[in-house]
Amino acid sequence: MTSDHRAAQAEPAEVHLAMMDAVSWRRWATQPGSTVLIPVGALEQHGPHLPLGTDALLADRIAAGVAEGTAMRVAPALTYGYKSQQRSGGGDHLPGTTSLDATSLIAMTRDLARSFLQQGVAHVVLVNGHYENYQFLYEGVDLALRDLGAGRREDQAALLLSYWDYVSATTLETVYPDGFPGWDVEHGGVLETSLMLHIDPSKVRLDLAPDHPAAQLPRFDRLPVVEARTPASGCLSSPSGSDAAKGRLLFDQVVEALRTDLVEELALPDSR
Ligand code: ZN
Ligand code: MN
């Protein structure tokens, strides 16, 4: 096999920093504009048809798609998240849902963001895939910056975002031709199911996917939760109408919009 042949067969460049050696890491991390994406998900029931790790898996694959062909790198995902809430994830009482207390998630986020910045990384970007995490990631990042205090270089910064905020109105119309139910009840529904069908169809059991109207939940949270308010399937809206083409559209559109935003905001070279 010639080297040309090998190059033609080569996988896309490795973007996961867990696969880097320490010497390359040090050289990379201390370059101007070095940017680490940290995907964050959850271990959470997603109905009978999707894996428990869906949120982390989607955040990781989207982050890798964003980083591909750029100088950005993707840190190992946080695969546990804050407690699932009934009005956004069905509830923390459901089997399979295995969650962190807020203090744990804040502490993990704070430690990781501070460590990457102390090693010279210019930007840390939290790529969130689990609705309930967001404010605790915000707190962790805020405390990490407070820890650095005057030791923070002027160019160092952290960003955080949830990937679904990058889905455009045009994409929404295509993915939900009968009307969009809202991001809060998009749990085990068309977005996550379609994305999984695009990314890893072997992990989706469409034959087991439930079909029921979107959950009608109160405007308040009640603790302990009234379990009967969560649809028996564990999904807050129906995955009916999910397909890999919608998943590909969502993935490509979100990755492109997110990459464009990061490149512009962080003044990164877009080497593609
Ligand atoms: Zn999810
Ligand atoms: Mn979730």
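Residue numbers (this note's numbering): 37 to 308. Ideal placement from N, C-alpha and C gives every residue a C-beta, glycine not left out.
Proximity below 9 Å, CB of residue i to CB of residue j
i, j, result
"W61", "A107", "no"
"L79", "T134", "yes"
"G224", "T115", "no"
"L88", "M232", "no"
"R109", "S70", "yes"
"S230", "V203", "no"
"Q81", "G126", "yes"
"T66", "G185", "no"
"G105", "A49", "yes"
"H129", "R241", "no"
"L259", "R123", "no"
"Y199", "I98", "yes"
"A113", "I74", "yes"
"H248", "R284", "no"
"G176", "R146", "yes"
"L286", "L227", "yes"
"A111", "L136", "no"
Helix, strand or coil at residue i according to DSSP, with G and I counted as helix
i, result
"S198", "strand"
"V163", "strand"
"V290", "helix"
"A193", "strand"
"V110", "strand"
"L237", "The question names Leu, but residue 237 in the sequence shown is Pro. Here P237 sits in helix by DSSP."
"E80", "coil"
"V72", "strand"
"T134", "strand"
"V299", "helix"
Segment limits, alpha helix (DSSP H) that includes residue i
i, result
"V59", "A58 to A65"
"V177", "Y170 to L184"
"T210", "A205 to V211"
"R146", "A138 to Q154"
"S124", "Q122 to G125"
"A49", "That residue, A49, is in no alpha helix (DSSP H); it is neither H nor E in DSSP."
"G16", "No answer is possible for residue 16: the residues shown for the chain start at 37 and end at 308."
"L86", "Element bounds for L86: n/a, residue is neither H nor E."
Alpha-carbon to alpha-carbon, residue j and residue i
i, j, result
"G165", "V76", "6 Å"
"L195", "L53", "18 Å"
"S238", "V299", "33 Å"
"T207", "P213", "10 Å"
"V221", "L141", "23 Å"
"G277", "R295", "28 Å"
"E263", "A281", "35 Å"
"F172", "G218", "22 Å"
"V261", "E168", "16 Å"
"C271", "D96", "22 Å"
"L162", "A58", "22 Å"
"A143", "M55", "25 Å"
"A100", "R189", "27 Å"
Presumed contact (8 Å Cβ cut-off) between residue i and residue j, rounded CB distance
i, j, result
"V160", "V102", "Not a contact, Cβ separation roughly 14 Å."
"P267", "A245", "With 8 Å as the limit, P267 and A245 do not qualify as a contact, their Cβ atoms being about 13 Å apart."
"P305", "A158", "The Cβ separation is near 13 Å, so there is no contact."
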